[in-house]
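Notes to accompany the following structure.
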Amino acid sequence: AKTPSSTPVDVPCTSLVSLQTMYDFNPNFSLLGSFTPDAGTPAAEAAAADGTVCRWKNDTSGDTIDISVASFDTDTLEAKANATNSASTMVPTYGSDEAYFAVTGGVGEAVVFHGSYWVVVRSVVFFEPGDAEPIVSSVLAAL
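Residue numbering for the sequence shown follows my numbering, starting at 1060 and increasing by one per position.
If you want it as structure tokens, here you go:
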């Protein structure tokens, strides 16, 4: 298999999701200055590929919303789409090339393929695709 080639993503967290957008979603969430993604997560993979990773934390409950964006070559994106596809529901409403949503172990995860971008938005506060929609839309609009 050929090595995935990635292109750095130089879009700051506050451009992906503005403070106002998150406030409208839930005023209790604050953007963390930086965070180290857990190994094996999409955010860790995106960080390794020079992507942008962001974590918002609920000041009351401690729940987090992780947003990661990486840019890959076509073959890598296709492989990711194929791997995602089997476990998730396709979501046409996100307005992207391909989008999926699944809840695994209580964590809702939206995976979106948008041009060369691989976008993953994960949180325990997402129970269905619509829950993640305002966040996903904001991210896609920024790319």
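For each residue, glycine too, the CB sits at the ideal point set by N, CA and C.
My output table needs one value for residue 1127: the three-state DSSP class, helix, strand or coil. The count along the sequence shown starts at 1 and reaches residue 1127 at position 68. Secondary structure at residue 1127: strand, using DSSP grouped into helix, strand and coil.
Nearest to residue 1088 by alpha carbon, out of 1071, 1095, 1096 and 1077? Residue mapping note: residue 1088 aligns to position 29 of the sequence shown, counting from 1. Closest in C-alpha terms to residue 1088, from the list 1071, 1095, 1096 and 1077, comes 1077.
Rounded C-beta distance between residue 1101 and residue 1064? I'm assuming under 8 Å. By 1-based counting over the sequence shown, the position of residue 1101 is 42. By 1-based counting over the sequence shown, the position of residue 1064 is 5. Actually they are not in contact, since the Cβ atoms of residue 1101 and residue 1064 sit about 18 Å apart, beyond 8 Å.
In angstroms, rounded to a whole number, what distance separates the CA positions of residue 1070 and residue 1130? Walking along the sequence shown from the start, residue 1070 turns up at place 11. Walking along the sequence shown from the start, residue 1130 turns up at place 71. Taking the straight line joining both Cα atoms gives about 11 Å.
At least 3 beta-carbon pairs within less than 8 Å: the region 1116-1126 vs the region 1091-1108: With the rule of 3 Cβ pairs closer than 8 Å, the region 1116-1126 counts as touching the region 1091-1108.
Would you mind sorting residue 1188 into buried or exposed? The rule is 16 or more other CB atoms within 10 Å of its CB. For the purposes of this step, residue 1188 is taken as the residue at position 129 of the sequence shown. Burial call: buried.
Taking all protein chains shown into account, do 16 or more other C-beta atoms lie within 10 angstroms of the C-beta of residue 1192, making it buried, or fewer, making it exposed? On the sequence shown, position 133 is the one that residue 1192 refers to. By the 10 Å Cβ count, residue 1192 comes out buried.
I'd like to know whether the C-beta of residue 1183 is nearer than 8 Å to at least one C-beta of chain D. Although the question refers to chain D, the structure presented lacks it and comprises just one protein chain.
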